[in-house]
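The listed protein sequences correspond, in order, to chains A and B. Under our numbering, the first sequence has 34 at position 34, and the numbering climbs by one with no breaks. Under our numbering, the second sequence has 318 at position 318, and the numbering climbs by one with no breaks. For every residue, glycine included, the Cβ atom is placed at its ideal position computed from N, Cα and C. On a predicted model such as this, the values are computed, not experimentally measured, just so you know. This report concerns only the one structure given below.
There are 2 protein chains.
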Amino acid sequence: MALNKQPYRGTRDFFPKDKRVRDYLFAVMTKTAESFGYESYDGPLLEEVELYKAKSGEELINEQIYSFTDRGERFVAIRPEMTPTLARMVAQIHRESSKPLRWFSIPNLMRYEKPQRGRVREHWQLNCDVFGCPGRLGEVEILQVAVELFQSYGANSTHFEILLNDRAIADAVFKTMMKATSEQTHRLYKIVDKAKKITHEALQKMFGEVGLDSVAENIFYSYLQLKTFDEVKIFLEKNEQNEIAELFSIFVEFTKKAGLSEYLKYDPTIVRGLDYYTGIVFEIFDKHPDNRRALCGGGAYANLLQIFNEEPLPGVGFGLGDVTLRDFLEVHKLLPNLDIPVNDVFVTFQEDDCLDAALKLAQLLRKNNLKIVTSLEPLKFKKVFPTAEKKGVKFVTLMGSDELAKNQIQLKNLASKEQHTLNLSDVEEILKIIKA
Amino acid sequence: MALNKQPYRGTRDFFPKDKRVRDYLFAVMTKTAESFGYESYDGPLLEEVELYKAKSGEELINEQIYSFTDRGERFVAIRPEMTPTLARMVAQIHRESSKPLRWFSIPNLMRYEKPQRGRVREHWQLNCDVFGCPGRLGEVEILQVAVELFQSYGANSTHFEILLNDRAIADAVFKTMMKATSEQTHRLYKIVDKAKKITHEALQKMFGEVGLDSVAENIFYSYLQLKTFDEVKIFLEKNEQNEIAELFSIFVEFTKKAGLSEYLKYDPTIVRGLDYYTGIVFEIFDKHPDNRRALCGGGAYANLLQIFNEEPLPGVGFGLGDVTLRDFLEVHKLLPNLDIPVNDVFVTFQEDDCLDAALKLAQLLRKNNLKIVTSLEPLKFKKVFPTAEKKGVKFVTLMGSDELAKNQIQLKNLASKEQHTLNLSDVEEILKIIKA
C-alpha cells in the first residue's frame, strides 16, 4: 500500500523555497512590529470551545471551526483566530502591566473552509494589538504600524489603500439619527456590510424589511454616499452630531500629522461584522485590478475583556494573513527572488585524502559565523560550480593532493571569478577575503 | 459567566518574557543549522492518520495522538512528530534533488500526555535531517550539528554527553551471534531499552521469557557490559563480526577527526525503540544530577520512504524539544536573562503641544532601523526612567515647551547618564550618538 504524498486538503507543504518566502514575510513583520516597541507573544494551538463561543457566538463556531472532544472530555478547538487567546492572556496580566501594552504574534490558524484562491485551511496571521492608549493615539499608531509594514515590503499608495470608518459614526447614524432599535441596528450593519456587493434594488429590498420610516431611509442613503472625511464631518454636524464629529476630527487630524493621509479613504460600508468593535474599523485594500480585495482588517474595541468579567481596557489591532499578503506582493512584483538559499562558502575537495582537512576548514569557518556547505565526497571540478550555484554560495574552496601536500587551498570568488591560493593555517587571510 | 483565563491543560501561554526565551532558543537552532547549510522547511499542522499508522503502528497512534474526523469524513491528527511529514515531503521531491539534502524545521507538535516536568501536550521540536550522504559521513555531520548547537548555548562536555550505539551492532549481536529470530530480536530491543531502569533479576526474568539458550544469554550480558568503542570492537572481532566491527571503526575514526570524541560514549542500551533506524542511534544526556535524562535523540535510517513505495534513501537526523532544552539550560544556568525586552530609544514629551514633534522624531528614528517606544501622552520627568527601564531602552528623548520653541530635544544615554541638547533638524548628530 503506497500512501498519499500530498498534504491534507487546504494545507501547504513548505519546501525550502516556499519556507524562505514565509521566513521573509515574517522577518519583515517582526522587524516592523519591534521598531514600534511591540513585544512578541504566543498562545496554545488548542483552546476550549467555550472561549470562541463567548467571543463570536454559536454560528461561526459551528460552521468553520476544527473542534473535537479530547480524551479527558474537554471540548476543544484548533485556534481559528488569535484574538480570543490574546484577550484571555491580557485578562491574566493587564492589572499589573504598565500601559500601553504593545503586542504582536504570528500564529498558525485553522479554519474549515472550501479551499480557493486566497483561502486555505491552515494559514498564518500577523496580529498586532495595542491596549490602554490615551485618546485616539492607539488607533493612529496601529495604522502607522500597518502602513510601515506594507512600505517595508516596498509597497506605497499606488499599491494599497486603507478604507476606514468609525463604529461610533455608524452607531450615531443608525441609533440616534435614524432611531433604529438595537436589533434594527444589527440588521443595518449586516446590510451595510453587503452594500457594495449588491444592486441598489436588492439594497432597497433589504432596507424595506428592517421596518424603518422614509426619513430614516433618506438618512441611510445619504450616509452610504459619504466619500471623504470632510463630507462625514459636514453630514454629522448638519444632523447635530457635533460631539461625534469633533471626536472623529481629532482622529483625522492625528492621521494627517502621522503622514497617513495619502493612504486613508473614508468608506461608510466598512463596519467589520463582529460585535466587539467600538471605534475605528478599517480594511487595507489591494488597488491592483486583478487582486481587488481586502488584505488586512482591524479596528478599535473597548470591551474585549468583558467575557472574563474584567473592567474595560480599550484596545486596537489588526490581522494580516500570509496567503493574501503573498498574493498581494506577487501581483505587484514586490516579492524578492528567494528560489535559492544564501550561503557563504562551499567547501569541496577533489581527492579522498583531503576529507579531514576539508572538514576542519569547514568547522573553522562556521565558528566565524559563516554559512558553510560541505561536500562529503571528492567532487570533480566540473561538478563543483553547478552545485555551488544551487546552494547560493559566494565562495568555493578546492583542495587536491597538490594543495594538501603544501597545506593550501584554492579559494574562488564566484561573482568576481578571482581565485586565491592560500595557506590553510592563514585563517586571518582566508576570513578577510570571504568577509570583504 | 466568567470564562477560565488559564490555557488548555498541558499547553503554555507565551507572555513576552517567555516568548523571548523561545525566540532565543529558536534563533540559535536556526543559526546553527544554517551554518551547516541546512535549509528550513515546514509542513501542515494536520496529517491523515494513515501516515502515522504506516510509520509507527497502531499502538502509538491510539494512545497519544490528537485525532478526529473532519467535516469531510477524513480521519486526521494534529502532528505528534515531524518525521512522517518529512518523509512525505522528501518522497515528493528526492528524485530531482541534488544530494545530500540537508533540512531542518522547528514545528509545534501535540501529544496527549499527562502533563509533568519536561512533558507537556504542546511543544516545539527542532528536527535536523540529512539525506543521501555517502558512507558514514551523514551520521558524523548530524552529530556535529547537535554538538555545535549545544556549544552555541554555552554548553560543553561537562554539561552533556552523547550516548551512542549502532543498530547494525545490536542486530549482529541478536540475530547473528545469539541466533534470535526477528520476533525474538524485537523483544530483545524492548528489553535492552529498559535495561538501565530495571533490576538485574527483572532483566533475567524478561530474558528468560524470550526463549533463547544459555550461550545466547551469556552473549547478551557480555554485550550489555560494553562501555567503550574499543571494547565493542574487540567484542565484535572475537565473535567473528569483522565487517560490522570495521564499518563501526570507520565511523569512530571520523568522529575523532571531527572533534566529537570528548562527547561520545558507547552505550549498548541505546536502541531507540522505533523500527526504522538502521545505523547509529543516539541520545544526548544531561550530566547534571538534578536533570539526568535524555535531551535529544536521533539516528540513521535507510528506508524512511518505503511507506511511499520509494526506493531507499539513507538519512540520519535528530529531534530536540524546547521544554527539555529549556530545563537543561536553566539547571546549568546557561539561559541569558531575557526578562526585559531590548529597545533603542524611548521617545517622550513633557507637554501636550510636543506630541507632533515627538511622533515625527519617532518615525524618523524607526526609518533608521531603530526600535522606538513612544510615550503617547505627556510624561512627567520622574515617570520617564522607570518606564524606560521596563522597556529596555538605551536612550531617552525628552521635550518640553522650551525645547519645542528652539526645535530641540534632550537625548539621554541611560547607561552613561550623558545628556545632549540637540537640534531636531540635526538628524545625523542624533543618529551618530544613538548608534555609537
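What is the rounded straight-line gap between the Cα of cysteine 133/A and the Cα of lysine 99/A? 7 angstroms
Exercise. Could you check which residue in Arg22/B, Asp339/B, Thr374/B, Arg71/B has the C-alpha nearest to that of glycine 43/A?
Key: The residue with the shortest Cα to Cα distance from glycine 43/A is Arg22/B.
What are the start and end residues of the alpha helix (DSSP H) that includes glutamate 437/A? It is not possible to answer for residue 437/A, since the shown part of chain A is limited to 1 through 436.
| message | Please classify glutamine 241/B as buried or exposed, where buried requires at least 16 other C-beta atoms within 10 Å of its C-beta. | response | buried
Exercise. Closer than 8 angstroms, CB to CB, is glutamate 311/A near chain B or not?
Worked result: no
Checklist line | Residue span of the beta strand (DSSP E) that contains methionine 206/B, given as start and end | finding: Segment 200-208 is the alpha helix (DSSP H) holding methionine 206/B; no beta strand (DSSP E) there.
Is the beta carbon of threonine 374/B sitting closer than 8 angstroms to the one on valine 347/B?
Result yes, Cβ atoms of threonine 374/B and valine 347/B sit closer than 8 angstroms.
- Determine, using beta carbons only, whether glycine 37/A comes closer than 8 angstroms to chain B. yes
What ranges does the alpha helix (DSSP H) occupy inside the region 267-329 of chain A, keeping only unbroken runs of at least 4 residues that lie completely in it? none
| request: Could you tell me whether the region 360-379 of chain A touches the region 330-349 of chain A, using the rule of 3 or more Cβ pairs below 8 angstroms? | output: yes
Quiz item: Looking at proline 115/A and glycine 279/A, is the spacing between their C-beta atoms short of 8 angstroms?
Solution: No, they are not a contact pair.
Please list the residues of the region 7-30 of chain B that have a C-beta atom closer than 8 angstroms to any C-beta atom in chain A, keeping them in chain order. For the region 7-30 of chain B, residues whose beta-carbon sits nearer than 8 angstroms to a beta-carbon of chain A comprise Pro7, Tyr8, Arg9, Thr11, Arg12, Asp13, Phe14, Phe15, Pro16, Lys19, Arg20, Arg22, Asp23.
>> Assuming glutamine 144/A is part of the alpha helix (DSSP H), what are its boundary residues?
In response: 137-152
Give me the Cα-Cα distance between glutamine 225/A and asparagine 218/A, rounded to the nearest whole angstrom. 11 angstroms
*For threonine 176/B, which residues of its own chain have a beta-carbon under 8 angstroms away from its beta-carbon, when the five flanking residues on both sides are left out?*
Gln241
request  = Would you mind telling me which residues of chain B sit closer than 8 angstroms to phenylalanine 112/A, beta carbon to beta carbon, in chain order?
outcome  = The question names phenylalanine, yet the displayed sequence has tyrosine at residue 112/A. Neighbours of tyrosine 112/A across chain B, judged by C-beta separation under 8 angstroms: Asp70, Arg71.
Assuming phenylalanine 36/B contacts valine 145/B (C-beta within less than 8 angstroms), just tell me the rounded distance between them.
A Cβ-Cβ separation of about 5 angstroms places phenylalanine 36/B in contact with valine 145/B under the 8 angstroms criterion.
Which same chain residues end up closer than 8 angstroms to glutamate 161/A when comparing Cβ atoms and leaving out the 5 residues on each side of it in sequence? Tyr263, Leu264, Lys265, Ile284, Phe285, Lys287
| query | With 16 other CB atoms within 10 Å as the buried threshold, where does asparagine 343/B fall? | reply | buried
N- and C-terminal bounds of the beta strand (DSSP E) containing phenylalanine 75/B: In the DSSP annotation of this structure, the continuous segment of the beta strand (DSSP E) that includes phenylalanine 75/B starts and ends at 75-78.
> Which residues, in order along the region 383-394 of chain B, keep a beta-carbon less than 9 angstroms from a beta-carbon of chain A?
Replying inline: So the list reads Pro386, Thr387, Lys390, Lys391, Val393, given in the order they occur along the chain.
Cutoff 8 angstroms: glycine 279/A Cβ touching any chain B Cβ
no
request  = Would you tell me roughly how many angstroms separate the C-alpha atoms of arginine 366/B and serine 67/B, rounded to the nearest one?
outcome  = Distance between arginine 366/B and serine 67/B, taken at the CA atoms: about 46 angstroms.
The region 94-119 of chain A: which residues have C-beta closer than 9 angstroms to a C-beta of chain B, in chain order?
Ser98, Pro100, Arg102, Trp103, Ser105, Asn108, Met110, Tyr112
Exercise for review: Using the Cα positions of valine 210/A and tyrosine 221/A, report the straight-line distance between them to the nearest angstrom.
Suggested key: Those two C-alpha atoms are separated by around 14 angstroms.
Practice prompt. Using only alpha-carbon positions, find the residue among Asp426/B, Ile433/B, His123/B, Asp353/B that is nearest to serine 401/B.
Written response: Asp353/B
Check each candidate in Glu201/A, Pro268/A, Phe150/A and name the one with the smallest Cα separation from valine 173/A.
Pro268/A
> Hey, alanine 216/A and leucine 203/A: beta-carbon distance below 8 angstroms or not?
Replying inline: Taking C-beta atoms as the reference points, alanine 216/A and leucine 203/A fail to come closer than 8 angstroms.
Query - Cβ distance (whole Å) where isoleucine 93/B is taken to contact alanine 77/B below 8 angstroms - result: Between alanine 77/B and isoleucine 93/B the Cβ distance is about 23 angstroms, and since that is not below 8 angstroms, they are no contact.
Can you say whether alanine 198/A is buried or exposed, counting buried as having 16 or more other CB atoms within 10 angstroms of its CB?
Residue 198/A is actually isoleucine in this sequence, not alanine. Exposed is the call here.
Under 7 angstroms between beta-carbons, which chain A residues line up against arginine 88/B? List them in chain order, please. Lys5
Spatial neighbours of valine 140/B within its chain, please: C-beta separation below 8 angstroms, excluding the five flanking residues on both sides.
Phe251, Phe254, Thr255, Ala258, Leu260
For this session: Closer than 9 angstroms by beta-carbon distance: list the chain B residues that pair up with tyrosine 41/A, in chain order.
Result: Taking a Cβ-Cβ cut-off of 9 angstroms, the neighbours of tyrosine 41/A in chain B comprise Asp13, Phe14, Phe15, Pro16, Asp18, Lys19, given in sequence order.
Using a C-beta cutoff of 8 angstroms, does aspartate 356/B count as contacting chain A? It does: the Cβ of aspartate 356/B has a partner Cβ on chain A nearer than 8 angstroms.
Exercise. Secondary structure at asparagine 218/B, three-state DSSP: helix, strand or coil?
Worked result: Note: asparagine 218/B maps to helix in three-state DSSP.
- Task: Just the C-alpha distance for glycine 315/B and glycine 273/B, rounded to the nearest angstrom, thanks.
- Result: Here the alpha carbons of glycine 273/B and glycine 315/B stand approximately 17 angstroms from one another.
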